[in-house]
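Here is the structure we will look at, set down as structure tokens.
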Amino acid sequence: MIGIFDSGVGGMTVARAIEEVLPERSILYFGDVARTPYGSKSPATISRYAVQNCDFLLANGAKLIIVACNTAASVAGHLLQQQYEVPIMEVITPAVAQAVQASRSGRIGVIGTRATINSRIYEEEIRALNPGARVLSQACPLLVPLVEEGWLAKRETKMILRRYLHPLKVKGVDTLVLGCTHYPLLSHLIQPRMGRRVRVIDSSLAVAHKLKQYLDANPAVAGRLATGGERRYYVSDITEAAQKTAGRIFGRKMNLELAQVNK
Ligand code: DGL
357 MIGIFDSGVG GMTVARAIEE VLPERSILYF GDVARTPYGS KSPATISRYA VQNCDFLLAN
417 GAKLIIVACN TAASVAGHLL QQQYEVPIME VITPAVAQAV QASRSGRIGV IGTRATINSR
477 IYEEEIRALN PGARVLSQAC PLLVPLVEEG WLAKRETKMI LRRYLHPLKV KGVDTLVLGC
537 THYPLLSHLI QPRMGRRVRV IDSSLAVAHK LKQYLDANPA VAGRLATGGE RRYYVSDITE
597 AAQKTAGRIF GRKMNLELAQ VNK
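Using my numbering, read the sequence shown as starting at 357 and increasing by one per residue.
Below, the structure is given as structure tokens:
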């Protein structure tokens, strides 16, 4: 199975894209709803959670893991790649590639959780591809709780977004990376706030296409993954808000299952 994890339901935006691009592949998802958000926690705690999530996915049949959480990838990506033998893919590299390709001016905005922005991983990776790029980053610690709560169109959410996006807007970015897998659920508010001329990058489809390319190039790994389109969506807490937001992401009623990973 393809194992996917996130701190909550946000990573389901990536899972949905994988369902679309690779419909025959079986998916095992874990969303750590009970411990979300990760982005305001320390790197040591985020790394511990990330390892527990991977152990859970591997124990339940994952043969490849997608870290569908920018926060976990930025803090613990290297650790996970060293610790596990299965291929570990993440969401940052595809977003960076898309952003560098899209930006004409080289002024690229990045929004993410505090942990992701503090890690400076986007800055490093964007500059590695375009040394002349100017990267303007903004931590948005209130957005993940708002999305997990399902506050996707509330006045308060719009006000908070205005506050976070204003500095990037006045600095004239022409591209904005949604550096958190929860943020595509707010893109209907983010795009109009930034204006039509700003390209907003949601990496979920790029991640799914990268996975497809990888499997085409690595038939041995692809052969170990189950086909048959089985889908299991586990969360560490089944809340009404999680169920509602999951249903909204997939456009169908989601049967979330409960799992504990911190034994
Ligand atoms: N979806 C996670 C990310 O991409 C959110 C992390 C959090 O829980 O703060 O960063």
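Glycine included, each C-beta is placed from N, C-alpha and C at the ideal position.
Simplified DSSP state of residue i, which is helix, strand or coil
i, result
"Ile422", "strand"
"Ala495", "strand"
"Ile477", "helix"
"Met445", "strand"
"Thr395", "The amino acid occupying residue 395 in the given sequence is Gly; Thr does not appear at that position. Note: Gly395 maps to coil in three-state DSSP."
"Arg608", "coil"
"Arg460", "coil"
"Leu378", "coil"
Residue i: CB within 7 Å of a non-hydrogen atom of the ligand DGL
i, result
"Ser363", "yes"
"Gly366", "yes"
"Gly468", "yes"
"His434", "no"
"Tyr590", "no"
"His538", "yes"
"Val500", "yes"
Nearest-angstrom beta carbon gap, residue j and residue i [assumed within contact, 8 Å]
i, j, result
"Val447", "Val466", "Not a contact, Cβ separation roughly 13 Å."
"Leu384", "Leu413", "6 Å"
"Val369", "Leu541", "The sequence shown places Thr at residue 369, rather than the Val named in the question. Going by Cβ atoms, the distance from Thr369 to Leu541 rounds to 7 Å, so yes, they are a contact pair."
"Ala602", "Val365", "5 Å"
"Ala495", "Arg470", "4 Å"
Straight-line gap, residue i to residue j (C-alpha atoms, nearest Å)
i, j, result
"Met515", "Lys609", "30 Å"
"Tyr440", "Arg552", "42 Å"
"Thr401", "Val423", "16 Å"
"Leu299", "Val442", "As displayed, the chain neither begins before 357 nor continues past 619, which places residue 299 out of reach and without an answer."
"Cys410", "Phe361", "8 Å"
"Ala415", "Gly488", "44 Å"
"Ala432", "Ala406", "7 Å"
Beta carbon of residue i nearer than 8 Å to that of residue j
i, j, result
"Val533", "Leu485", "no"
"Ile358", "Ala418", "yes"
"Gly506", "Ser382", "no"
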